[in-house]
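Here's the structure, in structure tokens; my notes come after.
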Amino acid sequence: LGRVNHGRYMGTDYKGITQRILVNGQIVDRADVWVLDITNKKNLFGNKFENQLPVLTQPVLPSVFCGKFRGPKTSLDTFFDPSGWGHGFVTLNGYNLGRYWPDAGPQLTLYVPGVHFNQNDDNTLCLLEIDRIPSQQTVSFAAEPI
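Anchor point for the sequence shown: position 8 equals 153 in my numbering, and the numbering is continuous, going up by one each time.
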């Protein structure tokens with residue numbers, strides 16, 4: 146999200162947490178922040194939980210979805226199409242492609258530079274979905290933006 150950088154509202158366009166946080170009516174005065182590396186499933190929950198994570202028949206939110214696919218033969222630019230999904234963000238081979246929220250628009254697809262694909266090799270696409278999981282848990286790429 147951008148900031149107002151002109152006019153009488155300059156300096157009053159605050160982002161982030163701007164008021165106190167309440168949980169069950171109690172003020173939260175301390176919070177921990179950490180990095181969530183969605184490209185390394187082993188480190189996602191820490192090595193101590195390796196092989197101990199439950200297998201879920203129905204995903205819960207938020208969830209990380211990762212899939213592998215064979216790369217294209219040529220490195221053509223394309224567009225990631227998150228139709229059917231709620232909102233979150235997507236990475237391709239560790240490159241953050243951006244946030245998606247197709248219901249909110251106006252941008253429905255995300256630009257994917259061709260150089261981010263591993264040509265003729267495995268590619269890993271990861272989504273951190275925080276809103277809605279479609280019944281068909283698939284994604285697609287398009288030649289043109291929607």
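Every residue, glycine too, gets a C-beta built ideally from N, C-alpha and C.
None of the values given here were measured: they were computed from a predicted structure.
For a quick check, are the C-beta atoms of residue i and residue j less than 8 Å apart?
| i | j | result |
| --- | --- | --- |
| Asn268 | Asn241 | no |
| Phe224 | Pro290 | yes |
| Ile275 | Gly229 | no |
| Asp265 | Lys218 | What sits at residue 265 in the sequence shown is Asn, not Asp. Contact flag set, yes. |
| Tyr245 | Phe262 | no |
| Pro207 | Leu273 | yes |
Using the C-alpha atoms, what's the distance from residue j back to residue i?
| i | j | result |
| --- | --- | --- |
| Asp174 | Cys211 | 35 Å |
| Ile166 | Ala176 | 10 Å |
| Pro227 | Gln281 | 12 Å |
| Phe190 | Val209 | No answer about Phe190 holds up, because its pLDDT of 44 lies below 50 and its placement is not dependable. |
| Ser285 | Arg215 | 13 Å |
| Gln252 | Gly243 | 11 Å |
| Gln164 | Arg277 | 28 Å |
| Leu270 | Thr283 | 11 Å |
| Tyr154 | Gln171 | 32 Å |
Mapping DSSP to helix, strand and coil, what is residue i?
| i | result |
| --- | --- |
| Gly156 | coil |
| Ile284 | The amino acid occupying residue 284 in the given sequence is Val; Ile does not appear at that position. In this structure, Val284 counts as coil in the three-state DSSP scheme. |
| Gly259 | helix |
| Asn169 | coil |
| Gly191 | Low confidence applies to Gly191: its pLDDT is 45, below 50, so where it sits in the model is not reliable, and the reading given next is rough at best. Three-state DSSP puts Gly191 in coil, outside helix and strand. |
| Leu206 | coil |
| Glu274 | strand |
| Asn150 | coil |
| Leu221 | coil |
| Val235 | strand |
Using 8 Å for Cβ pairs, my map puts residue i next to residue j. What's the rounded Cβ distance?
| i | j | result |
| --- | --- | --- |
| Gly259 | Ser220 | 4 Å |
| Asp222 | Val257 | 7 Å |
| Leu287 | Thr236 | One point to set straight first is that residue 287 is Ala, not Leu, in the sequence displayed. Rounded, the Cβ-Cβ distance is 18 Å, inconsistent with contact. |
| Val143 | Asp158 | Residue 143 is absent from the model: the chain starts at 146 and stops at 291. |
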